[in-house]
Structure formats: structure tokens, C-alpha cells
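Okay, so here's the structure we're looking at.
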Amino acid sequence: MKNYTNNSFSHMQALIGGHVSLKYPQKLYLDITQDCNMNCIMCRDKITASGKTMNLDLFKKIVDETASYVSSYSLFNWGEPLILKDFRERVEYLGSKKRKDATIDNEGMFNDLYPTKIGDYVWDGNDYCHVSNYFIDRNCNAPFVSASIGYNGDIYLCCNVGDLVDNVNEKSFFEIWSGERYDTLRKDVNNVNLMPDRCKNCAWFNR
Ligand code: SF4
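Numbering follows my numbering, with no gaps: position 84 of the sequence shown is 277.
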């Protein structure tokens, strides 16, 4: 039997459009640093030490607001959080605020929210499977179930650096997540005439 690339509620969200997103995302990517001690070919061409790190106050502000609602955090997107001297402090802070059934991870990019197509194969979070094993749904549900916050508080539609939505420094996350711009972008990502340029060439499977 073929697999759907995501659960049916998420599919429904993407098909219907805006106004049906959860109160908070299920998954939150916090790109707590853009620095990395590696230079992997698919990501960057040199080791980066720019000091672009989310300050602890902003980190705590986001965690304080979202920890009761978000099911899973990834403490990285494009950087390597383990190089931060206060990484342990951040994890412990998040752990102290989190629901007991939540997960905190730093595997980030390949996960079950976004099965990724690579040639004729799909990375489903655990393994590569031939594309023939899947029903292909081109609707993107990422902005309905997740959000990505950069080191400076910028909020993006997805961890694939989809369109910039707003910045959380001076606003609550909820204010932005439930705001008009977010909702408009949720509709646009699945409209062939309106989708942001980034979305046109997106490799995520559910787009
Ligand atoms: S289609 Fe756009 S919003 Fe959806 S995952 Fe791709 S870049 Fe992100």
C-alpha cells in the first residue's frame, strides 16, 4: 500500500488554505546560531564564525511563550548549536518549560514533517524509498504546522527559508502566527500564481 506523505489533517489544512492553522505550530525550528564548524558541500563552502547567535533573552522569550503548545523543537536550522558554550543551559531551560511528551532535537532538516524528494527517491525521515511508494501531494502544509525562527528573531514560513513573515523581538509569536500576513502567505504557497519565488523551486515533497 502506498503511503501518504503526511497526515490527513495536515493535508486538509493545505488544501483549504488559511484560517485553519493550529493555535501554535507543532514544530518550531530555532536557528540559535548560524555559525558552524563544518563546511558540508550541500550547505556552505567554508567554516562560519560570524557570531550570529540568538541572544539568551530572545531565546527565553520564545520558549516562555511557546513551550506549553509546541510538541517538538529543533534547536538548529542552518547552524551547529553544539558549538555554543551555553547550549546546555538553553536545553535545560527549554526542558524545564516543556511539556513532558515533547521532544527536543537537533537533527532538523530531514524529518517526518517534510519528506524530501531526491531524484526518484524520498527520504522519509528514516530511509530512502522509491517515489512509486508514495502518493504525491504538491500542496505545502509547512506554514500550517511549523515555523522557523532565525537567530535575530526573524520568522520564516518553513525551515527551508520560505518567505520572511515578521520578527518576534517586538511582538508575541502568537500575534504573528495568527496574523493576516501569515494567513495570506499560507494561501499563497499553494497558489501557482502567487507563491513566493522560493516556493517555486522547493524540493520539499509536500509543496
Ligand atoms: S513550498 Fe515554500 S513554504 Fe512550503 S516548504 Fe517549500 S519553501 Fe517552504
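Heads up, the beta-carbon is just placed ideally off N, CA and C, and yes, glycines get one too.
Item to check | Meets three-Cβ-pair contact criterion under 8 Å: the stretch 318-325 and the stretch 225-232 | outcome: no
Checklist entry - From which residue to which residue does the beta strand (DSSP E) around Ile-348 run? => result Locating residue 348 in the sequence shown gives position 155, counting from the first residue. First-last of the beta strand (DSSP E) with Ile-348: 347-349.
Item to check | Spatial neighbours of Asp-381 in its chain, beta-carbon cut-off 6 Å, leaving aside the 5 residues before and after | outcome: Here the question's residue 381 lines up with position 188 in the sequence shown. Cβ within range, chain order: Leu-387 and Met-388.
Checklist entry - Between Met-302 and Trp-271, what straight-line distance do the alpha-carbon atoms span, to the nearest angstrom? => result Counting from 1 along the sequence shown, the entry for residue 302 is found at position 109. Counting from 1 along the sequence shown, the entry for residue 271 is found at position 78. Legend: pLDDT at Met-302 = 42, less than 50; position of this residue unreliable, value from coordinates given subsequently. In a straight line, the C-alpha of Met-302 is about 9 Å away from that of Trp-271.
Next on the checklist: For Asn-384 and Asn-332, I'd like the C-alpha separation in whole angstroms.
Outcome noted: For the purposes of this step, residue 384 is identified with residue 191 of the sequence shown, where counting begins at 1. For the purposes of this step, residue 332 is identified with residue 139 of the sequence shown, where counting begins at 1. So the alpha carbons of these two residues sit roughly 9 Å apart.
Checklist entry - Based on the DSSP secondary-structure assignment, which residues constitute the bridge partners of Leu-221? => result As a working mapping, residue 221 is identified with position 28 in the sequence shown. Answer is Tyr-266 and Ala-340.
Checklist entry - Is the stretch 351-371 close to the stretch 231-247, with three or more CB pairs under 8 Å? => result no
Checklist entry - Arg-237 to Pro-218, Cα distance in whole Å? => result The sequence position of residue 237 within the sequence shown is 44, counting from 1. The sequence position of residue 218 within the sequence shown is 25, counting from 1. Distance between the alpha carbons of Arg-237 and Pro-218: 28 Å.
Checklist entry - With a Cβ-Cβ cutoff of 9 Å, do Ser-289 and Leu-221 count as a contact? => result The residue you call residue 289 lines up with position 96 of the sequence shown. The residue you call residue 221 lines up with position 28 of the sequence shown. Contact flag unset, no.
Checklist entry - For Lys-393, which option in Arg-374, Ser-365 and Asn-353 has the closest C-alpha, if you only look at C-alpha atoms? => result Residue numbering aside, residue 393 sits at position 200 when the sequence shown is read from its first letter. Comparing Cα-Cα distances from Lys-393 to each of Arg-374, Ser-365 and Asn-353, the minimum goes to Asn-353.
Next on the checklist: Quick check: does the Cβ of Gly-180 come within less than 8 Å of any heavy atom belonging to the ligand SF4?
Outcome noted: Lying outside 194 to 400, the shown extent of the chain, residue 180 is not represented and no answer is given.
Checklist entry - In terms of alpha-carbon separation, which member of Asn-362, Val-338 and Glu-363 lies closest to Tyr-375? => result Translated into the one-based positions of the sequence shown, residue 375 becomes position 182. When each option's Cα is compared against that of Tyr-375, the closest is Val-338.
Next on the checklist: Is Val-382 a contact residue of the ligand SF4, with contact defined as CB to any heavy atom under 8 Å?
Outcome noted: As a working mapping, residue 382 is identified with position 189 in the sequence shown. Yes.
Checklist entry - Closest to Gly-346 by CA distance: which of Ala-242, Asn-248, Leu-215 and Ser-243 is it? => result What you label residue 346 is simply residue 153 of the sequence shown in a count that begins at 1. It is Asn-248 whose Cα lies nearest to the Cα of Gly-346.
Checklist entry - How is the alpha helix (DSSP H) around Tyr-375 delimited, first residue to last? => result Reading the sequence shown from its first residue, position 182 is the one you call residue 375. Counting along the chain, the alpha helix (DSSP H) containing Tyr-375 begins and ends at 373-381.
Checklist entry - Going straight from the alpha carbon of Thr-246 to that of Ile-348, what length do you get? => result Taking the first residue of the sequence shown as 1, we reach residue 246 at position 53. Taking the first residue of the sequence shown as 1, we reach residue 348 at position 155. Rounded to the nearest whole angstrom, the C-alpha separation of Thr-246 and Ile-348 is 15 Å.
Checklist entry - Shorter than 9 Å from the beta carbon of Ser-289 to some beta carbon of chain B? => result Judged by its chain identifiers, the structure shown contains no chain B, having just a single protein chain.
Checklist entry - Given Asn-299, which residues of its chain have a CB within under 8 Å of its CB, disregarding the five upstream and five downstream residues? => result In the sequence shown, the residue the question calls residue 299 occupies position 106. Annotation note: pLDDT 47 at Asn-299 (below 50); position unreliable, coordinate value reported separately. Correct list, in chain order: Ser-267, Leu-268, Phe-269, Pro-274 and Leu-275.
Item to check | Per-residue burial, Tyr-344 [other beta carbons within 10 Å of its own, 16 or more giving buried] | outcome: Position 151 of the sequence shown holds residue 344. Buried, because 16 or more other Cβ atoms sit within 10 Å of the Cβ of Tyr-344.
Checklist entry - Quick one: does the C-beta of Leu-249 sit closer than 8 Å to a heavy atom of the ligand SF4? => result The residue labelled residue 249 in the question sits at position 56 within the sequence shown. Not so, every heavy atom of the ligand SF4 lies at least 8 Å from the Cβ.
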